[in-house]
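Structure record follows, encoded as structure tokens.
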Amino acid sequence: MSFLVRTDVCIQCKMCVAECPTGLLVMKENGPAAGFGSCISCGHCVAVCPTNAIDYTVTPRADQIPVGDYQVPSPEEAEKFIRYRRSIRTFRDTPVSKEQITRLLNVARMAPTGSNSQGISYRVIQNKETLAAISEAVMDWMNGLGKENSRMRIYAYNAKRYNRTGRDFILHKAPALVLAISKDELIERGRDNGHFALSYAELMAPSLGLGSCWSGFVEFCAQVGYEPLLKLLNLPAGYRVAGAIMVGYPKFKYRYMPERESLRVFFDEED
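Numbering follows my numbering, in which position 108 of the sequence shown is assigned residue number 571; successive positions increment by one, without gaps.
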């Protein structure tokens, strides 16, 4: 690793030092330098420098996209953008291209992660027969839980309803199941990181004409190690499910943005 400082243009503003999340950087006579601590490869020092004095082989400036004249959305635009997103459970029978899913997940990988640990990969399943079998496997698991535990009766009820109507209450016949996956040794932090990433994907989806919905039953069933499901998911060796969403083209258009529970906030009391 090489931390490079152009001392001829460094103005010693100390922004890089202030922004270093681990306190690694310290200001010396000729500019910033590494002190005691560790680097989490966040790239803040390079991104915040106002004179392009810093470069770092771990997070090269050449790999960072200039902000330029980009302006963040207004509060009103941002609020509508976030509220517009809905959980989609009725999809068109139209495949989603690999290009669209790749673009979606290329944004998902930019989500924040604990200590910039990242470590999230993705498994995308689009085969109709496999998706149907996944729904069946999860329903079987739910039915078993309902029989063994009275608190899980809702699972058994859904299983019976599925068998009676033939409606897919698990994946809703979505054309794609996207799994965020993490290596076994990282799974505790990986689950949070997977959720962060898929949240970014969900927010990005409408801009691509896509809809999405969390598939919590698939995630939970996989995390408890239900073998019939794990065989269908066919994860790479050493990986576990850290999150799951359905993705496809919405069949219907929503015309309103529903309200939620009233905001509850508890502030410190003023003196």
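We put the beta carbon where it would ideally sit given N, CA and C, even for glycine.
Nothing here was measured: the structure is a model prediction, and the numbers come from that model.
Backbone CA spacing between residue i and residue j [nearest angstrom]
{"i": "S537", "j": "N493", "result": "40 Å"}
{"i": "L567", "j": "D647", "result": "25 Å"}
{"i": "E539", "j": "R546", "result": "11 Å"}
{"i": "S560", "j": "I588", "result": "12 Å"}
{"i": "Q534", "j": "E542", "result": "16 Å"}
{"i": "I633", "j": "R549", "result": "17 Å"}
{"i": "K636", "j": "E482", "result": "46 Å"}
{"i": "S662", "j": "A705", "result": "12 Å"}
{"i": "G701", "j": "D603", "result": "25 Å"}
{"i": "A742", "j": "P669", "result": "Nothing can be reported for residue 742, as the shown portion of the chain is limited to 464 through 734."}
{"i": "F499", "j": "F730", "result": "37 Å"}
{"i": "E732", "j": "C502", "result": "38 Å"}
{"i": "K491", "j": "C512", "result": "16 Å"}
{"i": "G506", "j": "R555", "result": "41 Å"}
{"i": "M667", "j": "M709", "result": "14 Å"}
{"i": "P721", "j": "A497", "result": "50 Å"}
{"i": "R723", "j": "I551", "result": "17 Å"}
{"i": "P699", "j": "L726", "result": "42 Å"}
{"i": "Y719", "j": "Q581", "result": "35 Å"}
{"i": "A639", "j": "S465", "result": "42 Å"}
{"i": "P691", "j": "A664", "result": "27 Å"}
{"i": "M605", "j": "P558", "result": "28 Å"}
{"i": "L608", "j": "K623", "result": "13 Å"}
{"i": "D471", "j": "Q563", "result": "45 Å"}
{"i": "D532", "j": "V570", "result": "20 Å"}
{"i": "K610", "j": "V601", "result": "14 Å"}
Residue range of the beta strand (DSSP E) that includes residue i
{"i": "P495", "result": "494-497"}
{"i": "C479", "result": "Careful: C479 lies outside any beta strand (DSSP E), inside the alpha helix (DSSP H) at 478-482."}
{"i": "V472", "result": "Taken as a continuous stretch (DSSP letters only), V472 belongs to no beta strand (DSSP E), as it is neither H nor E."}
{"i": "I517", "result": "517-519"}
{"i": "I644", "result": "639-646"}
{"i": "K491", "result": "488-491"}
{"i": "G531", "result": "It is not in any beta strand (DSSP E) - G531 carries neither H nor E in the DSSP assignment."}
CB-CB length for residue i against residue j, believed under 8 Å
{"i": "R586", "j": "L642", "result": "4 Å"}
{"i": "V521", "j": "S504", "result": "5 Å"}
{"i": "T553", "j": "K716", "result": "Rounded, the Cβ-Cβ distance is 11 Å, inconsistent with contact."}
{"i": "S645", "j": "R703", "result": "6 Å"}
C-beta neighbour in chain B for residue i, strict 7 Å
{"i": "I528", "result": "Looking at the structure shown, chain B is missing, and only one protein chain is on hand."}
Residue interval of the alpha helix (DSSP H) (run including residue i)
{"i": "C676", "result": "Unbroken run through C676 is the beta strand (DSSP E), 674-677; no alpha helix (DSSP H)."}
{"i": "N621", "result": "616-628"}
{"i": "A510", "result": "507-511"}
{"i": "K694", "result": "690-696"}
{"i": "E733", "result": "Here E733 belongs to no alpha helix (DSSP H), and DSSP marks it neither H nor E."}
{"i": "F409", "result": "Nothing in the structure corresponds to residue 409, since the chain is present only between 464 and 734."}
Evaluate the contact criterion for the segment 675-692 versus the segment 512-520: three or more CB pairs, one atom per stretch, below 8 Å. Here the segment 675-692 does not lie against the segment 512-520, with fewer than 3 beta-carbon pairs under 8 Å apart.
Can you find at least 3 beta carbon pairs, one from the segment 657-675 and one from the segment 619-628, that sit closer than 8 Å? In this structure the segment 657-675 does not touch the segment 619-628; the number of beta carbon pairs closer than 8 Å is below three.
Touch test, the segment 693-700 against the segment 592-611, Cβ-Cβ under 8 Å, three pairs minimum: The segment 693-700 makes contact with the segment 592-611: 3 or more CB pairs, one atom from each, lie closer than 8 Å.
Starting from the N-terminal side, write out each stretch of the alpha helix (DSSP H) that is 4 residues or longer and does not extend beyond the segment 566-613. Positions of the alpha helix (DSSP H) runs, each at least 4 residues long and wholly inside the segment 566-613, are given as 591-611 in order along the chain.
Beta strand (DSSP E) runs contained entirely in the segment 700-731, provided each spans 3 or more residues: Whole beta strand (DSSP E) segments, 3+ residues: 702-711.
contact_flag[the segment 522-529, the segment 681-690] where n(CB pairs < 8 Å) is 3 or more: No, the segment 522-529 does not touch the segment 681-690.
Assess contact between the segment 653-667 and the segment 573-583, defined as three or more Cβ pairs (one per stretch) separated by less than 8 Å. Is contact present? Pairwise C-beta distances place the segment 653-667 in contact with the segment 573-583, as three or more of them are shorter than 8 Å.
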